[in-house]
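Comments concern the structure below.
Protein chains: 6
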Amino acid sequence: MTAREQHHRPPFNEGAEPREEPSRFGIPELAEMPDDVRAVIEDSHAKLGFVPNVFLAYAKRPEHFRAFMQYHDLLMRGPSGLSRAEREAIVVAISAENRCLYCVTAHGAALRILGKDVEVADQIAINWRTADLSPRLHAILSFASRVNEPGFAADAHEIAALRAAGLDEHDIWDVAAIVGFFGFSNRMAGAMDLRPNQEFFRMGR
Amino acid sequence: MTAREQHHRPPFNEGAEPREEPSRFGIPELAEMPDDVRAVIEDSHAKLGFVPNVFLAYAKRPEHFRAFMQYHDLLMRGPSGLSRAEREAIVVAISAENRCLYCVTAHGAALRILGKDVEVADQIAINWRTADLSPRLHAILSFASRVNEPGFAADAHEIAALRAAGLDEHDIWDVAAIVGFFGFSNRMAGAMDLRPNQEFFRMGR
Amino acid sequence: MTAREQHHRPPFNEGAEPREEPSRFGIPELAEMPDDVRAVIEDSHAKLGFVPNVFLAYAKRPEHFRAFMQYHDLLMRGPSGLSRAEREAIVVAISAENRCLYCVTAHGAALRILGKDVEVADQIAINWRTADLSPRLHAILSFASRVNEPGFAADAHEIAALRAAGLDEHDIWDVAAIVGFFGFSNRMAGAMDLRPNQEFFRMGR
Amino acid sequence: MTAREQHHRPPFNEGAEPREEPSRFGIPELAEMPDDVRAVIEDSHAKLGFVPNVFLAYAKRPEHFRAFMQYHDLLMRGPSGLSRAEREAIVVAISAENRCLYCVTAHGAALRILGKDVEVADQIAINWRTADLSPRLHAILSFASRVNEPGFAADAHEIAALRAAGLDEHDIWDVAAIVGFFGFSNRMAGAMDLRPNQEFFRMGR
Amino acid sequence: MTAREQHHRPPFNEGAEPREEPSRFGIPELAEMPDDVRAVIEDSHAKLGFVPNVFLAYAKRPEHFRAFMQYHDLLMRGPSGLSRAEREAIVVAISAENRCLYCVTAHGAALRILGKDVEVADQIAINWRTADLSPRLHAILSFASRVNEPGFAADAHEIAALRAAGLDEHDIWDVAAIVGFFGFSNRMAGAMDLRPNQEFFRMGR
Amino acid sequence: MTAREQHHRPPFNEGAEPREEPSRFGIPELAEMPDDVRAVIEDSHAKLGFVPNVFLAYAKRPEHFRAFMQYHDLLMRGPSGLSRAEREAIVVAISAENRCLYCVTAHGAALRILGKDVEVADQIAINWRTADLSPRLHAILSFASRVNEPGFAADAHEIAALRAAGLDEHDIWDVAAIVGFFGFSNRMAGAMDLRPNQEFFRMGR
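Residue numbers (our numbering), protein chains in the order written: chain Y, 1 to 205; chain U, 1001 to 1205; chain V, 2001 to 2205; chain R, 3001 to 3205; chain S, 4001 to 4205; chain E, 5001 to 5205.
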């Protein structure tokens, strides 16, 4: 399940030779994985019908796998005043700013499913600034984009705009934490040259 | 056929109010259009089952409609050593660099159909630098991206790299012309705040 | 008339060897040109006393020559609420931002002649932000500069500022179209490494 | 121990009113903290003689405290082919690129102590490009700086340069992970407007 | 002689109201100036037929006038392996990169006169990268442009390229010093909003 | 006194070979210096206990030494409405923006001593935007940072903000002049690859 399908490339891109493995650093065999890591992978396979390549790539370093997934799940599934779809919208908008192929693809699919609005999900994946957003989601993504800039420090005015949009201090923290964590994830995907699973391109459409 | 469907927005984006018309400058009634413009629009409706919003937006200014479409068709359908899919790949890669919602969406659909490789088309729509490209397509998009930079002037080394990839002088001209013309188109779409048709998001998948 | 004069270079730039032809892609002989293209060129020679190099460069591809000139003339000479000098001011300001040698030189000459104010024309050719502008021209060039940024989409506030300066929707469209078309032209000049005619440096002074 | 000392400001900055608490989001009382969080904080106080403000700031959200500290310790203290001082050098160089006051200050102190070379530590805190670096450390920080750029994806050439400097694949992964994690940390510090403890400015000198 | 001529503005810029004085900070009366400052100003008037506005602006602060002019004359007229025209070419190229209206105008005039090649002088004033340069002048302006970037530190390779072009260490120092000093001058002109004399636009043509 | 101490490098930076001389262009022997230059150097040695490397580097070109030091002293010690500590704060903030190792180090030391607030001095050396500043110092450094941008020209609004903070026109001039002069100095330090004296890292702590 880790190998990438060979498929015919049309003339317009003839001779392209995608790397066999989804990560530059290679991926382990299922049998080599610690039990807890393998359990997560088998579980995702059972639920999705395939294993997202990010799991296989991180499984190469089980301690990193655990630290990454724990933090990821806290941010994306833990209690928060932000809905799960709003959190995915932040991930997609920031990953698009950082031009991360894997994250836009995988989280774009998640946003299409959770947000139940394919059109707006695809708009955010291209440019959140020209997407059809509610005032609340616009405020969230505007702040997210500011946090994504290097050297940013929030000022009182920016915090006030978020509070006016209905976010409390924990929600504001959560926006910043999701931006920061996925900027980290975008950079790991870049270092790994992580390839997205083909399934993501079609999910939720 | 010019009005945008109202559809239920899920809670994650509640209260979003997309503009009724696809262009900030409004769009004309079919009956108001000159015959040649209306003919193009009816023709596209017959072929695609819908009218791309860019046609409706430009129909507001028939002289502009004609100049734009004529140049567009010369570049995208005229004789060239570049395949039609390669030309669409240039448009998608550059429109993604310029973060143009309309052009990535509409030409992304065209590339999925002409290129016959949904996955690579969607990769180019996110970041051509991490797409699975043949050496020839990589050379073409690298040069395209350079032309897209303000202040660029080609040097002999860059031209030589394209010739090594099999392009002749007319092909190199065509790459530059497509980049420049769609940079123009991206900017018009931004000034119009042009909304993509929902149909594009699903075409070719 | 297409060859560039050899002239003595002073010691400060000794050994410079400008390319013989004004375009990297070469220029055709008059006799090789289609009649309509040759007619335009002979006409410009009759009016100006020389042939702007952009004509000769585009004559290499007659279909491109026709599409380019038709669009150019629509934007620069067609009916508009913008005066011809205002339109040239947009071209010069944007070409300076894009650092296009040919366009600043050729359209700088046109602006000096049409605007009848050499000093302000030369100010705009260096930096429109520090030129002595009327509130109306300042509003026009501010919006033009915004459209020139990649990823720009106009918001209601920016449109309102232009309307306050007396522009209607067609005029706003025209500003954006001129910016976009000459950004295209700047990029073609860069790909061609197009050399300006010496005559432009002196015209209108 | 959480309040910031008031001290006299000299005339050159008269009237400055630093925020009383080290984080915009406030910090909890020791008594409010879960036992495991309080234990970490008391432990750091025992070892250092003060509590780094990052601990107090994160203690506001115990689940975040745990996820952050676990990942931090894995990266900075876990097994790796990179020495602890090399890892701190990466943190300081990247935090300086991102202009993060808290991280340059706190990790600058750590680098002075672990690296046992105050001068080079302070050079890296200003600009690693002009620091007196060994070829190995220069290769590490060059790659770190590349990963820090948005949109970066490593190519084979860059990986080869690191391997030539003696790093294996795990070490390269570790460089990328430290860059990404502290880019995240820099952004959280910016969102919190996190103030560094005064003690850091003097440690290790 | 310090007041700017009022002249009719054509319709394209109707209502423009240039500031009466050439510097935001005002200029002194001749009678108020110290003798040595007034002597320099009267001398320049005798030689040029007008007083460059930079003299009048600096005369407001005689100590600054003296420090600035002394350093200026050392760099631009002192002994150096760089010809005076080469030095003016550096000033014009850097002032164009910094988009300084006064300096491009005034030193552009000087370069036209000293370089005895109006065309190349005007090319450098727009974009030195597309000017017709000798290998030596290209090497000089390439290094100048690098020094102009914030955070630049020369490496051995860049120094070697200049030596290969015939510059010795003093000449390299002189290039850097001219870039730095005129970056300073560009910034003072920006703070003063310094207006160029109309005479400069016509000199040397 | 001109040679840099060899000292043991710890394993984390093993093999680093700092250049023997503090400037890429070398430094002269004391005996070779003109009397006035040597007097300044001996005087600084007597006062500080060491000779700042910038003196030795400039002594290589005595005419440059004199012009630089005279301008420097006028700006940093001449009469002004800005305190000497405020002037050093501008130098440190701008040199940090320009990432100049020598100037942040040497003027950081001066600011720690003159400002009598080590913590704020070190904050400004990292990022003035997140330093604990008074409204006056914040206004000064905001304007300084604007002047540091290439292409800046002050507008009436920015000048008014400074006047509201208590600066008169001479003070505003002084801010701009200090920014410009030290941008020049930063660039000379970059061209010289000027190494800071070790003593600076410890002074004023």
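Glycine residues also receive a C-beta, built at the ideal position from the N, C-alpha and C atoms.
* Are any of the Cβ atoms in chain R nearer than 8 Å to that of L5056 (chain E)? -> no
* Is the CB of F5143 (chain E) under 8 Å away from at least one CB in chain R? -> no
* Residue from Y:H170, Y:P22, Y:A131 whose Cα sits closest to the Cα of I3027 (chain R) -> Y:H170
* Leaving out the 5 sequence neighbours to the left and right, which residues in its chain are closer than 7 Å to S5095 (chain E) when beta-carbon positions are compared? -> C5103, V5104, H5107, F5182, N5186
* Using a C-beta to C-beta distance shorter than 7 Å, which residues of chain V count as neighbours of L4133 (chain S)? -> N2013, A2016
* F1050 (chain U) (DSSP reduced to helix, strand or coil) -> coil
* Pick out whichever of E:D5174, E:H5157, E:N5197, E:D5155 has its Cα sitting closest to the Cα of Q3123 (chain R). => E:N5197
* To do: Can you tell me which of the three DSSP states C1103 (chain U) falls into?
  => helix
* How long is the line joining the alpha carbons of V3037 (chain R) and R3066 (chain R), rounded to whole angstroms? -> 8 Å
* **Own chain, CB closer than 7 Å to A2139 (chain V), minus 5 neighbours either side, in chain order** => A2161, L2162, A2165
* the segment 1062–1080 of chain U touching the segment 2056–2074 of chain V, judged by at least three CB pairs closer than 8 Å -> yes
* Asked: Under a CB-based cut-off of 8 Å, is T3002 (chain R) close to chain Y?
  -> With a pLDDT of only 37 at T3002 (chain R), under 50, the local geometry of the prediction cannot be trusted, and the value read off the model is given with reservation. Not one chain Y Cβ lies under 8 Å of T3002 (chain R).
* Beta carbon of H2016 (chain V) nearer than 8 Å to that of L4141 (chain S) -> The sequence shown places Ala at residue 2016 (chain V), not His. Contact: no.
* **Below-8 Å beta-carbon distance, V4104 (chain S) vs any chain V residue** => yes
* Determine whether the Cβ of E1005 (chain U) lies closer than 8 Å to any Cβ atom of chain V. => Any answer about E1005 (chain U) is weak, because its pLDDT of 42 lies below 50 and its placement is not dependable; what the coordinates show is given next. No, because no Cβ of chain V sits closer than 8 Å to the Cβ of E1005 (chain U).
* Report yes or no: is there a C-beta of chain S within less than 8 Å of the C-beta of L5167 (chain E)? => no
* Listed in chain order, which residues of the segment 5186–5204 of chain E have Cβ atoms closer than 7 Å to some Cβ of chain S? -> R5187, M5188, G5190, A5191, D5193
* Asked: Alpha carbon to alpha carbon, what distance is there between E1021 (chain U) and F4143 (chain S)?
  -> 52 Å
* To do: Give the secondary structure of P3011 (chain R) by DSSP, where H, G and I count as helix, E and B as strand, and everything else as coil.
  => helix
* Asked: Three-state secondary structure (DSSP) at I4027 (chain S)?
  -> coil
* Asked: Is G3115 (chain R) helix, strand or coil when you go by DSSP?
  -> helix
* Just tell me which of U:L1194, U:D1168, U:A1177, U:F1152 has its CA closest to the CA of G2190 (chain V). => U:F1152
* C-beta contact flag for S5080 (chain E) and P3011 (chain R) at 8 Å -> no
* In whole angstroms, what is the alpha-carbon distance linking R5202 (chain E) and R4087 (chain S)? -> 40 Å
* Asked: Taking C-alpha atoms, which residue in S:A4093, S:R4112, S:V4040, S:R4099 lies nearest to V4175 (chain S)?
  -> S:A4093
* Asked: Just reading off the alpha helix (DSSP H) that N5127 (chain E) is part of, what are its end residues?
  -> First-last for N5127 (chain E): undefined, no H or E at that position.
* Using 7 Å as the cut-off, classify the Cβ of I5140 (chain E) as near or not near the heavy atoms of the ligand FMN, replying yes or no. => The ligand FMN is not part of this structure, which contains no ligands at all.
* Would the beta-carbon of F4025 (chain S) fall within 8 Å of that of W5173 (chain E)? -> yes
* G5180 (chain E) vs V5147 (chain E) beta-carbon contact at 8 Å -> yes
* Is DSSP giving M4192 (chain S) helix, strand or coil here? -> helix
* To do: Find out if the Cβ-Cβ distance for the pair G5204 (chain E), A5125 (chain E) is shorter than 8 Å.
  => no
* So T2130 (chain V) packs on L4111 (chain S), CB below 8 Å; how close in whole Å? -> That pair is no contact at about 20 Å.
* Looking at the unbroken alpha helix (DSSP H) that takes in R1087 (chain U), where does it start and where does it end? -> 1084–1097
* To do: For N1098 (chain U), go through chain V and note every residue whose CB falls closer than 7 Å to its CB, in chain order.
  => P2150, G2151
* Could one say the Cβ of S2083 (chain V) lies closer than 8 Å to chain S's Cβ atoms, at least one of them? -> yes
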